[in-house]
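662 is the number that my numbering gives to position 272 of the sequence shown; each next residue is one higher, with no gaps. One structure is given here, and the rest of the page talks about it.
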Amino acid sequence: MRTSRCPLCGGERRFHIEKFGRRIDACAACGTAGVEPLPSDAEIRAIYTLPYFQGDRSRYGYTDYAAESAQHARSFALRAALLEELLPRRGGPRRVLDIGCANGSFLAALGPGWEKHGIEVSEDFLRASPPPPEIRMFVGDALDFPEDRGPFDAVTLFDVLDHVPRPLAMLDKAVRLLRPGGVLVVQQGDRMSLFARLLGRRWHIYIPPTHLWYFTHSGLHRFLRERGLRVARDVFEPRWASLSLCLFRLSYILPSGLVDPFRRLLDDTALGRLSVRFNFRDVVTVYARKADA
Ligand SMILES: [Zn+2]
């Protein structure tokens, strides 16, 4: 049996699955599975250029991220509403930082009354699809974000931690940027969810090396608890996507020869742009509060 050491908790990992020529080991202690060995930083950086957001299937990104903006707005509206509820407005604007914000669709979903900051690593995506001007952008690696720009009332990490080589360093950074009593939001796939276990290695979230880590709901709680955060809410939120993007994602699960003819028929049609609501309860959004000083 091939084993490795878990870089997140030090526990022993065993071989879990192999996919796209990459080996993924799973840790019994913290539940997290990870690509073994991790790709180099240069290899990881090379993924997030424009084709990632515009339908390069080898990168497992998006068909056309910018064109999905109406779907993103619907998906993000629920999360924005919950954040508003957990951080009621008192006096001045609340400060929020969205790490891995793409073109700012989550920040745009938050109403007025917020000072909005975003971090995005993909420079050429931002050039092609600029965020709204009210968002103060930092272009680069979140680990390089100046900490004197904090503290924030809310820091959000939607589907980000599984893309970065040192997810706990990023989580530590997010917690440092948060004021006492502030809210951290982390959203990730849950590889122990029923849907993920039913699909096994065909689960569409197993896409190495785009996703380097595969978290579990309880493991995420552990990582947050260890950093002095208290979970306030767990939500399995519905999402919306265009029918075209659903088929694109389906082509990760089923043989693409089966799915691609339908995709080609629907591309750039009204039917392809049709909005589909789905919830496999395999993605969890955890809202956690930092202890008061
Ligand atoms: Zn571990």
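The beta carbon of each residue, even a glycine, is placed where N, CA and C say it ideally should be.
Let me know the secondary structure DSSP gives residue i once reduced to three states.
| i | result |
| --- | --- |
| Leu428 | coil |
| Cys636 | helix |
| Ala332 | Since the displayed the chain opens at 391 and closes at 683, residue 332 lies outside it and no answer follows. |
| Val554 | coil |
| Leu568 | strand |
| Asp650 | helix |
| Phe542 | strand |
| Gly481 | coil |
| Phe535 | coil |
| Arg412 | strand |
| Phe548 | strand |
| Asp562 | helix |
| Leu574 | strand |
Is residue i near ligand 1, with its Cβ less than 7 Å from a heavy atom?
| i | result |
| --- | --- |
| Leu398 | yes |
| Cys636 | no |
| Ala544 | no |
| Gly508 | no |
| Thr675 | no |
| Ala432 | no |
| Cys491 | no |
| Thr422 | yes |
| Ala419 | yes |
| Gly401 | yes |
Residue i bridges to which residues according to DSSP?
| i | result |
| --- | --- |
| Met391 | DSSP lists no partner for Met391. |
| His507 | Leu487, Arg526 |
| Ala631 | Val666 |
| Lys680 | Leu619 |
| Arg403 | Ser394, Cys417 |
| Trp603 | Gly424 |
Does the distance from the C-beta atom of residue i to that of residue j stay below 8 Å?
| i | j | result |
| --- | --- | --- |
| Arg413 | Phe405 | yes |
| Phe362 | Ala492 | Coverage of the chain is limited to positions 391 through 683, which leaves residue 362 absent and any answer about it impossible. |
| Lys506 | Val529 | no |
| Arg699 | Ile407 | The chain is shown only over 391 to 683; residue 699 falls outside these bounds and no answer can be derived. |
| Arg679 | Arg620 | yes |
| Leu350 | Ile525 | No statement about residue 350 is possible, as the shown extent of the chain runs from 391 to 683 and does not include it. |
| Leu614 | His553 | no |
List the whole-angstrom C-beta distance separating residue i from residue j, where the pair is believed to meet the contact cut-off of C-beta under 8 Å.
| i | j | result |
| --- | --- | --- |
| Phe626 | Val673 | 7 Å |
| Leu664 | Leu633 | 5 Å |
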